[in-house]
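Chemist:
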Amino acid sequence: MFQAGELVVYGSTGVCRVEEIVGLEQPGRDRGKRYYLLKPLWQDGVIYAPVDSDKVPMRPVMSRKEAEALIDRMPGIEEASWCGTTAQALTQQYQSAVRDGGHQALIEMMKAIHHKRGIAESKNRRLGMVDERYMKQAERLLYGELAAALEIGFEDVESYIAGRIEESAGSAGA
2 MFQAGELVVY
12 GSTGVCRVEE
22 IVGLEQPGRD
32 RGKRYYLLKP
42 LWQDGVIYAP
52 VDSDKVPMRP
62 VMSRKEAEAL
72 IDRMPGIEEA
82 SWCGTTAQAL
92 TQQYQSAVRD
102 GGHQALIEMM
112 KAIHHKRGIA
122 ESKNRRLGMV
132 DERYMKQAER
142 LLYGELAAAL
152 EIGFEDVESY
162 IAGRIEESAG
172 SAGA
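Under this note's numbering, the first residue of the sequence shown carries the number 2, and numbering increases by one thereafter.
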């Protein structure tokens with residue numbers, strides 16, 4: 002059971018702070034049932050999540066050490082090969098990666114979309130809406146957790162990753 006003040010990753014919402022554990026006295030709700038009152042860090046609103054439910058996965062935010070190790074592994078992670086021939090098929094593949102919530106799947110997806118963006122830009126075209134939407138969601142999930150683990154601002158994550166990878170490449174070549 003999580004405690005008030007802890008940071009957790011809640012499903013595809015991303016990083017939330019457990020504000021408190023409450024019982025809701027509302028018609029239609031089980032009396033005595035306990036809920037986490039979650040406050041997402043990177044978006045507005047609150048979430049009431051049953052303490053004893055496993056419908057939406059909830060886990061602790063990775064540690065700083067785990068975050069740094071993940072960043073160090075990023076250059077070796079290959080982009081996913083998406084074979085969606087329709088927007089619907091592509092959406093299903095992206096949803097699967099986001100729902101899985103695994104860091105590897107998110108990085109693979111982001112690399113694939115980044116590659117697609119480069120191809121589109123070389124042809125003076127824009128990236129598709131489905132790609133844009135899921136890239137933003139993947140960034141919110143991955144960068145949000147990295148920001149919380151590293152205790153840096155969300156907007157600083159991308160440059161932190163680039164700097165760490167550059168530093169690692171420089172020390173490997175020395």
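Beta carbons: idealized from backbone N, C-alpha and C, even for Gly.
Since the model is a prediction, treat every value here as computed from it, not as a measurement.
Could you tell me how far apart the beta carbons of Gly24 and Gly33 are, in whole angstroms, since I believe they sit closer than 8 Å?
Modeler: That belief holds up - the Cβ atoms of Gly24 and Gly33 are roughly 6 Å apart, short of 8 Å.
Chemist: Using the Cα positions of Glu20 and Ser54, report the straight-line distance between them to the nearest angstrom.
Modeler: Distance between the alpha carbons of Glu20 and Ser54 is about 18 Å.
Chemist: Give every residue of the same chain whose Cβ lies closer than 7 Å to the Cβ of Leu147, excluding the five residues on either side of it in the sequence, and list them in chain order.
Modeler: These residues qualify, in order along the chain: Ala68, Val158.
Chemist: Three-state secondary structure (DSSP) at Arg35?
Modeler: In the structure shown, Arg35 sits in a strand (DSSP, three-state: E or B).
Chemist: Put Gly145 into one of helix, strand or coil per three-state DSSP.
Modeler: If DSSP states are grouped into helix, strand and coil, Gly145 belongs with the helices.
Chemist: Determine the contact status of Met63 and Ile162, defining contact as a CB-CB distance below 8 Å.
Modeler: Contact flag unset, no.
Chemist: Starting from Pro76, follow its DSSP beta bridges and name the residues at the other end.
Modeler: Per DSSP, none; premise fails for Pro76.
Chemist: At the level of alpha carbons, what is the spacing between Arg127 and Gln4?
Modeler: C-alpha separation (whole angstroms): 44 Å.
Chemist: Less than 8 Å between the beta carbons of Glu79 and Glu122, yes or no?
Modeler: Contact: no.
Chemist: What do you reckon, is the C-beta of Ser160 under 7 Å from a heavy atom of the ligand FAD?
Modeler: Among the ligands in the structure shown, none appear at all, so the ligand FAD cannot be discussed.
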